[in-house]
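Chemist: FYI, the numbering for the sequence shown is -23 to -1, 1 to 92, going by mature numbering (1 follows the signal peptide of the UniProt record, and there is no 0). Yeah, the Cβ is synthetic: ideal placement off N, Cα and C, and Gly gets one too. Shown below is the structure under consideration.
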Amino acid sequence: MVSPATMAMNYLILSICLFLCTGQLLSTAAQNCHQSTECARDHCCLLDKSLNVGVCKPMGGIAERCYVHQPYAYERPKEMVTDYDLCPCSTGNICGGIDSYHPVYGQRGICTFGK
């Protein structure tokens, strides 16, 4: 039989763990935005079309996918990106085209070193 004091201590420890875990999950959740200046420096404000809200998402790093025709070469877009489903390449880098096409967004590419 477990004593009431031991049971209370177990509940306290469990409560503290749940509190800390929940706080960690909330801190990594996506941040809503209206423009990229509301996001971290290496993120852009991207429209989540399923929720119809802007969400801060990471800019494309080296060797990550991108779209060649995104008009944001060399700098982070200031406004919310509404016409593509991912942020452009990170500041100073470019999207180098590959032989693959998206039916809506056009030629796919890979982020590569720019200037």
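For I87 and G69, what's the separation of their Cα atoms in angstroms?
Modeler: The count along the sequence shown starts at 1 and reaches residue 87 at position 110. The count along the sequence shown starts at 1 and reaches residue 69 at position 92. Their Cα atoms are separated by approximately 14 Å.
Chemist: Only counting the same chain, and skipping five residues up and downstream in sequence, which positions put a Cβ closer than 8 Å to that of T(-2)?
Modeler: Sequence index remark: in the sequence shown, residue -2 carries index 22 (1-based). Here the model assigns T(-2) a pLDDT of 41, short of 50, so the residue's position is not dependable, and the following value carries that caveat. Nothing listed; no residue qualifies.
Chemist: Cα separation between S67 and E41?
Modeler: Counting from 1 along the sequence shown, the entry for residue 67 is found at position 90. Counting from 1 along the sequence shown, the entry for residue 41 is found at position 64. Whole-angstrom Cα-Cα distance: 10 Å.
Chemist: C89 by DSSP, collapsed to three states: which one?
Modeler: To locate residue 89, count along the sequence shown from 1; it is residue 112. The sequence shown places Thr at residue 89, rather than the Cys named in the question. Here T89 sits in strand by DSSP.
Chemist: Report buried or exposed for S13, applying the criterion of at least 16 other Cβ atoms within 10 angstroms of its Cβ.
Modeler: Locating residue 13 in the sequence shown gives position 36, where the first residue counts as 1. S13 comes out buried.
Chemist: Leaving out five residues before and five after G37 in sequence, what residues of the same chain have Cβ atoms less than 8 Å from its Cβ?
Modeler: Counting from one through the sequence shown, the residue named residue 37 turns up at place 60. Result list for G37: C43, L63, C64, P65, C66, S67, N70, C72, C88, in chain order.
Chemist: Cα-Cα, which of T59, P35, P80, Q8 is closest to R18?
Modeler: Numbered from 1 along the sequence shown, position 41 holds the residue referred to as residue 18. Closest by alpha carbon: P35.
Chemist: Using only the alpha-carbon positions, how far apart do residue 112 and Q84 sit?
Modeler: Outside the displayed span of the chain (-23 to 92) sits residue 112, for which this structure offers no information.
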